[in-house]
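Notes to accompany the following structure.
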Ligand code: COA
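Numbering (our numbering), first residue to last: 19 to 275.
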């Protein structure tokens, strides 16, 4: 598939999606959001893809936010539609994927950029990364899930401070907050994402998708995450991958998923 704003390559079961508008610090315009949806959907539908990595091109930015030039003249309803559509086709879509998504934050992750990284299942960052939700400085609020996912990840007080001050935190603070899991030098970032991807790929993709669904259920209104866990746990039994995983253990060999 040809894209104008992203690159997507698949190798050894890992799809790496790179947002590629470096002259605009990889800002998310409408076309980029649609292309990202298509690339993630392609990865999700391809059973040979076991992990997806999302990163930004260049050494400066992961994503410096939604493209401000595109929405500066929007009306109230157009603004709401922008957020609704974005959440549906990209941010919630990524969060709900059964294929694990790792965000490799290679520089600025601001606004929609941090929201995209937070929609991923976990995040790692290079030591030059800076993260923030600067929207209130523009007279708007985060609209791609930031007001919900940031408090889930760092706690309400820290999220409130980050959102209200519109400030940026560095990689060390993000690690301290639990927003990212690891910090490495920039050239080590994709190798680390691939290494973590490799560890994930040794495990049952069916069970991983079920686990993602159970974890996410705990954050959904009106859903009892414990009930979802019971259902997903039961659902694993009798599957080929459960039989392979348990048989391999009992036969003292590596499971082949
Ligand atoms: N939307 C649209 N364009 C953006 C952008 C965004 N969110 N972020 C950066 N750009 C563009 C700049 O307009 C500039 O384009 P130009 O060269 O055509 O003028 C280019 O990317 C480079 O950015 P610049 O601001 O010159 O880089 P810098 O190193 O001086 O500053 C940032 C880097 C990240 C601090 C700064 O770009 C910034 O504050 N960006 C906006 C962040 C933001 O508010 N995001 C939330 C949006 S809701």
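Backbone N, C-alpha and C define an ideal beta-carbon position, used for all residues, glycine too. None of these values were measured; they are calculated from a predicted model.
- Scanning 57, 207, 36 and 193 for the CA closest to the CA of residue 131 turns up 36.
- With a cut-off of 6 Å, the C-beta of residue 152 is classified as near the ligand COA, since at least one heavy atom of the ligand falls inside that distance.
- The alpha helix (DSSP H) runs lying completely inside the stretch 164 to 229 and spanning 4 residues or more are 164 to 172, 174 to 183, 189 to 195 and 204 to 219, given in chain order.
- A straight-line Cα-Cα distance of about 15 Å links residue 138 and residue 208.
- If you check the C-beta of residue 86 against the ligand COA, you find a heavy atom less than 6 Å away.
- The closest heavy atom of the ligand COA lies less than 6 Å from the beta carbon of residue 45.
- In this chain, the beta strand (DSSP E) harbouring residue 26 covers 24 to 29.
- Here the stretch 70 to 86 lies against the stretch 117 to 136, with 3 or more beta-carbon pairs under 8 Å apart.
- Note on geometry: alpha-carbon atoms of residue 108 and residue 135 lie some 11 Å from one another.
- Take residue 188, set aside five residues on each side of it, and the residues of its chain with a beta-carbon closer than 7 Å to its own are 148, in chain order.
- About 5 Å separates the beta carbons of residue 250 and residue 232, which is inside the 8 Å limit, making them a contact pair.
- Here residue 203 is exposed, its C-beta having fewer than 16 other C-beta atoms within 10 Å.
- In the structure shown, residue 136 adopts helical secondary structure according to DSSP, grouped into three states.
- Scanning 220, 162, 60 and 165 for the CA closest to the CA of residue 274 turns up 220.
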